[in-house]
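Note sheet for the following structure.
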Amino acid sequence: LKLLTIIGARPQIIKSAAISRAIKSYYSTKVKEVIVHTGQHYDSQMSAIFFEELQIPLPKYNLQVGSGKHGEQTAKMIMGIEEILEKEKPDFLLVYGDTNSTLAGAIAAAKIHVPIVHVEAGLRSYNKKMPEEVNRILTDHVSTFLFSPTITGMKNLQKEGFNLQSVAPFTVDNPGIFNVGDVMYDNSLFFAQIAAEKIDILHQLNVEKDKYVLVTIHRNNNTDDEIRLNEIFEAILHISKESKIVMPLHPRTLKQIQHLLDKSILDALNHPNILMIPPVSYLEMIQLEENSHIIITDSGGVQKEAYFFSKPCIILRSETEWTEIIESGSGILCDAIKEMIIKTYHLFVNKEKVLFTNIYGAGDAAVNIINILLDSTH
Ligand code: UD1
Ligand code: UDP
Numbered sequence: 002l003k004l005l006t007i008i009g010a011r012p013q014i015i016k017s018a019a020i021s022r023a024i025k026s027y028y029s030t031k032v033k034e035v036i037v038h039t040g041q042h043y044d045s046q047m048s049a050i051f052f053e054e055l056q057i058p059l060p061k062y063n064l065q066v067g068s069g070k071h072g073e074q075t076a077k078m079i080m081g082i083e084e085i086l087e088k089e090k091p092d093f094l095l096v097y098g099d100t101n102s103t104l105a106g107a108i109a110a111a112k113i114h115v116p117i118v119h120v121e122a123g124l125r126s127y128n129k130k131m132p133e134e135v136n137r138i139l140t141d142h143v144s145t146f147l148f149s150p151t152i153t154g155m156k157n158l159q160k161e162g163f164n165l166q167s168v169a170p171f172t173v174d175n176p177g178i179f180n181v182g183d184v185m186y187d188n189s190l191f192f193a194q195i196a197a198e199k200i201d202i203l204h205q206l207n208v209e210k211d212k213y214v215l216v217t218i219h220r221n222n223n224t225d226d227e228i229r230l231n232e233i234f235e236a237i238l239h240i241s242k243e244s245k246i247v248m249p250l251h252p253r254t255l256k257q258i259q260h261l262l263d264k265s266i267l268d269a270l271n272h273p274n275i276l277m278i279p280p281v282s283y284l285e286m287i288q289l290e291e292n293s294h295i296i297i298t299d300s301g302g303v304q305k306e307a308y309f310f311s312k313p314c315i316i317l318r319s320e321t322e323w324t325e326i327i328e329s330g331s332g333i334l335c336d337a338i339k340e341m342i343i344k345t346y347h348l349f350v351n352k353e354k355v356l357f358t359n360i361y362g363a364g365d366a367a368v369n370i371i372n373i374l375l376d377s378t379h
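Taking the UniProt record's numbering, I'd label the letters of the sequence shown as residues 2 to 379.
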C-alpha cells in the first residue's frame with residue numbers, strides 16, 4: 002500500500018507523527034509512505050523543529066509555497082501536488098485537518114481520481130466564515146475514507162447526508178466513514194513520558210508547576226481584528242496581575258500585535274510576569290500544558306490537549322468543533338470578550354480538577370486507520 006501524505010502547517014506535522022510511527026513500528030513491510038510538505042509553515046520553530054523531535058521521516062518533496070493570500074497559496078500547492086501525484090501514483094492521498102494544505106491536496110487528488118483519506122473528518126464549527134470550515138467541508142465531500150476522531154464528527158457527517166453504514170468497496174461515491182479516535186491523543190500519550198524525561202522548559206523559563214497560565218493565540222479572526230486583539234490582550238494583562246503568563250507566540254500574532262495593539266497595552270506587556278516567547282517545540286509545549294494551571298487558547302489542538310491533561314481551558318472563540326469539551330464543563334467559550342475571559346479565569350482558579358473521559362479514543366487511532374486502509378485493499 003502506497004500512501005502519499007500531505008503536511009504543511011504545524012499541527013499537521015505533529016499529527017503526522019502518529020501514523021508515521023505506526024507504519025514504522027508495525028507495518029513497514031506493508032505500507033510505504035511518501036511525505037509531501039507544502040511549505041505552508043517554514044520558520045524552523047513552526048516546522049523543522051518537529052521532524053527530529055517527533056521522529057517524523059523527512060519529506061521527499063517540499064513545495065516551498067510559503068505565505069500568501071488564500072487563492073495564491075492554495076493554487077501553488079494544487080499545482081505542485083498534482084505533479085507529484087502523477088509521478089508517484091500512490092494508492093491513497095492522506096490529508097489531515099482543515100488547512101489550505103488539506104484542501105489543496107484534496108482538490109489535486111479528486112480531479113485525477115486518487116482516493117482521498119481525510120484524517121480528522123466530520124468536524125464542524127458551523128461558521129463558514131472560518132477558512133478552516135470551508136476547507137474541511139470541501140475535503141470531506143471528495144474523500145473516500147473519512148476518519149472522524151469523535152462521535153460528534155460522525156453525527157455531523159450523517160447530517161450532511163453521508164451514510165455511516167456504507168460497506169466496502171469504498172469509493173468517492175460510497176465513502177467509508179469511521180470513528181477511529183484522535184491521532185493527537187495517540188501522540189499525547191506517547192510523548193508525555195518522553196517530555197517528562199527529556200525536557201526542562203519550566204526551569205528554563207523560571208516558572209513553577211501550577212503557577213502560570215499558558216496562552217496561545219493565532220486564529221485569524223483574533224489576530225487580524227483590532228478590537229478583538231485588544232480585548233484579548235487587555236484580559237491577559239489583567240490576569241497577569243494575579244499569575245505569571247507563558248505565551249508562545251505564533252509568528253502571525255507577533256506581527257499583528259505590533260500593528261494593532263494600543264501602544265499602552267503593547268508597552269504594558271513588557272512585564273516580568275508576562276513571558277512572550279517564540280513558538281516552542283511539541284515536547285516543550287506538552288510539558289507546559291501538563292504543568293500549567295489554566296490554558297487560554299483559540300487553537301483547536303491546544304483545546305484538546307488541555308482536555309487530555311485535565312486542564313481548564315478558556316477558549317477565545319464563539320464556537321468550537323470540539324463540543325465535548327464544552328459539554329464536560331472543562332472548557333468555556335469566552336469569544337474575545339475581556340470581561341468574560343477574566344470572569345472565567347476567576348471561576349477556574351477556584352475550580353476542582355477537570356475530569357477526563359476517553360472521548361478521543363484509546364490512543365490507537367493511527368493503527369485503526371492503517372488497518373482499515375489495509376483491509377480495504379485486500
Ligand atoms: C494555518 C491554518 C490554521 C491552523 C494554523 C496552525 C489555514 C487557512 N490556516 O493558519 O487552520 O490553525 O495554520 O498554526 O490554512 N508565518 C510565518 N512563518 C511561518 C508560517 C507563517 O511568519 O512559518 C506568518 C506569515 O506572516 C503568514 C501568517 O503567519 O502570512 C499566517 O500563516 P498561514 O499559514 O497563512 O496561516 P496560519 O495563521 O498559520
Ligand atoms: N504547539 C507547539 N508549539 C507551540 C504552540 C503549539 O508545538 O508553540 C502544538 C500544540 O501542542 C498542538 C499543535 O501545536 O499539538 C496545535 O497547533 P496550532 O495551535 O498551531 O493549530 P490548530 O490546532 O489550531 O490548527
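Backbone N, C-alpha and C fix where the C-beta goes; we use that ideal spot for every residue, glycine too.
{"Query": "For Met155 and Ile315, the rounded distance between their alpha carbons", "Result": "26 Å"}
{"Query": "CB of Val96 within 8 Å of CB of His119, strictly", "Result": "yes"}
{"Query": "CA nearest to the CA of Asp263, picked from Leu348, Ser244, Glu235", "Result": "Glu235"}
{"Query": "Endpoints, the alpha helix (DSSP H) within which Ile104 is located", "Result": "Checking the sequence shown, residue 104 turns out to be Leu, not Ile. It spans 101-112 - the alpha helix (DSSP H) in which Leu104 sits, taken as one unbroken run."}
{"Query": "C-alpha distance - Ser102 paired with Ile342, whole-angstrom precision", "Result": "32 Å"}
{"Query": "Inter-residue spacing [alpha-carbon to alpha-carbon] between Thr153 and Lys70", "Result": "32 Å"}
{"Query": "First and last residue of the uninterrupted alpha helix (DSSP H) at Thr140", "Result": "132-141"}
{"Query": "Chain-order list of residues whose beta-carbon lies under 8 Å from that of Leu203 (same chain, five-residue window excluded)", "Result": "Glu209, Lys210, Gln288, Leu289, Asn292"}
{"Query": "Member of Asp201, Ile295, Lys3 whose CA lies at the smallest distance from the CA of Thr30", "Result": "Lys3"}
{"Query": "Asn128 versus Thr140 - alpha carbon distance", "Result": "16 Å"}
{"Query": "Glu121: CB within 7 Å of a non-hydrogen atom of the ligand UD1", "Result": "no"}
{"Query": "CA nearest to the CA of Arg220, picked from Thr298, Gln74, Tyr361, Pro176", "Result": "Thr298"}
{"Query": "Through-space distance from Ile233 to Leu265, alpha-carbon basis", "Result": "Residue identity check: residue 265 is Ser in the sequence provided, not Leu. Near 14 Å, if we compare the C-alpha coordinates of Ile233 and Ser265."}
{"Query": "DSSP three-state assignment for Ile117, whether helix, strand or coil", "Result": "strand"}
{"Query": "Cβ shell of Ile113 (< 8 Å), same chain only, five flanking positions each side left out", "Result": "Glu83, Leu86, Glu87"}
{"Query": "Cross-strand partners of Leu215 (DSSP beta bridge)", "Result": "Val247, Ile296"}
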